[in-house]
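Trainee:
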């Protein structure tokens, strides 16, 4: 039976290192966040993902508009200062109300180079284990998006701070799998990072 995966896009950070409004900064003429949403939208159209949710900070009107345009359900984070893990917990709580959701495919909103072929590979491999991409360009950095099966959600909800599930991925769980893929998928943390993207292929 095919895996029923739901996209969970974490996009509620304060962007302090960037100087604010990172996910609405323009990259090749479009908001940074729109690239991740586009990949999720195409993945849904092709049947790779059942649905998707976007976790944004409360009051992020631009994020709401992007969610509506992509047909995604927004989840409002009223305490983004609690870190990435808080957004993750909010997202997983929403998905738990969907009994047919087998897994969450967790994206970071500040990674505009995320690719559809990686989504397809993760969903194809997924089952009852964590699956993350290991990008050829950064093989020692845990990659995204990360597939979290429902059986892992309880442990994921125990995470705190701004590390997301980095600690979970580094805990050598027997069900964790690194999937080797080509290319890279860097975060955009600073304005210099955004400028550096201009030299990378999409």
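Numbering (my numbering), first residue to last: 316 to 517. A virtual CB, placed ideally from N, CA and C, is assigned to each residue, including glycine. Every value quoted in this text rests on a predicted model; they were computed, and no experiment measured them.
Quick check on residue 428: buried or exposed, where buried means 16 or more other Cβ atoms within 10 Å of its Cβ?
Mentor: For this step, residue 428 is matched to residue 113 along the chain shown. By the 10 Å Cβ count, residue 428 comes out buried.
Trainee: Would you please state the rounded distance, in angstroms, between the beta carbons of residue 386 and residue 356? I believe it to be under 8 Å.
Mentor: Start at 1 with the first residue of the chain shown, and residue 386 comes out as number 71. Start at 1 with the first residue of the chain shown, and residue 356 comes out as number 41. Confirmed, about 7 Å.
Trainee: Locate the beta strand (DSSP E) running through residue 368, then write down its first and last residues.
Mentor: Here residue 368 is taken as the residue at index 53 of the chain shown, counted from 1. Note, residue 368: beta strand (DSSP E), 366-372.
Trainee: Taking Cβ positions, are residue 327 and residue 389 nearer each other than 7 Å?
Mentor: As a working mapping, residue 327 is identified with position 12 in the chain shown. As a working mapping, residue 389 is identified with position 74 in the chain shown. Against a cut-off of 7 Å, the Cβ pair of residue 389 and residue 327 comes out as no contact.
Trainee: Less than 7 Å separating the beta-carbons of residue 331 and residue 415?
Mentor: As a first step, residue 331 must be located in the chain shown, where it is residue number 16. As a first step, residue 415 must be located in the chain shown, where it is residue number 100. Against a cut-off of 7 Å, the Cβ pair of residue 415 and residue 331 comes out as no contact.
Trainee: Taking 7 Å as the threshold (C-beta atoms), are residue 370 and residue 406 in contact?
Mentor: Within the chain shown, residue 406 is the residue found at index 91, counting from 1. Within the chain shown, residue 370 is the residue found at index 55, counting from 1. Yes, the pair counts as a contact, with Cβ atoms nearer than the cut-off.
Trainee: Check each candidate in 468, 448, 317, 347 and name the one with the smallest Cα separation from residue 510.
Mentor: In the chain shown, residue 510 corresponds to position 195, counting from 1. Selected option, being the one with the closest Cα: 347.
Trainee: What distance in whole Å lies between the Cβ atoms of residue 417 and residue 465, which are believed to be in contact at a cut-off of 8 Å?
Mentor: Walking along the chain shown from the start, residue 465 turns up at place 150. Walking along the chain shown from the start, residue 417 turns up at place 102. Contact holds; Cβ gap of about 6 Å.
Trainee: List in chain order: all unbroken alpha helix (DSSP H) runs of 4+ residues lying wholly within the segment 340-399.
Mentor: List check, alpha helix (DSSP H) in window: 347-360, 376-385.
Trainee: Does DSSP put residue 512 in a helix, in a strand, or in coil?
Mentor: Position 197 of the chain shown, counted from the first residue, corresponds to residue 512. Looking at residue 512 - three-state DSSP - the assignment turns out to be helix.
Trainee: Tell me which same chain residues have a C-beta within less than 8 Å of the C-beta of residue 321, skipping the five on either side of it?
Mentor: In the chain shown, residue 321 corresponds to position 6, counting from 1. Result list for residue 321: 364, 365, 366, 367, 368, 410, 413, 416, 418, 419, 420, in chain order.
Trainee: Going by CA-CA distance only, name the one from 497, 491, 444 that's closest to residue 431.
Mentor: Along the chain shown, one-based indexing puts residue 431 at 116. The shortest Cα separation from residue 431 among 497, 491, 444 belongs to 497.
Trainee: Between 453, 324, 447, 472, which lies nearest to residue 493 when the distance is taken from Cα to Cα?
Mentor: The count along the chain shown starts at 1 and reaches residue 493 at position 178. Here the closest residue by C-alpha is 447.
Trainee: Quick check: residue 449 and residue 495, are their CB atoms within less than 7 Å of each other?
Mentor: As a first step, residue 449 must be located in the chain shown, where it is residue number 134. As a first step, residue 495 must be located in the chain shown, where it is residue number 180. Going by C-beta atoms, residue 449 is nearer than 7 Å to residue 495.
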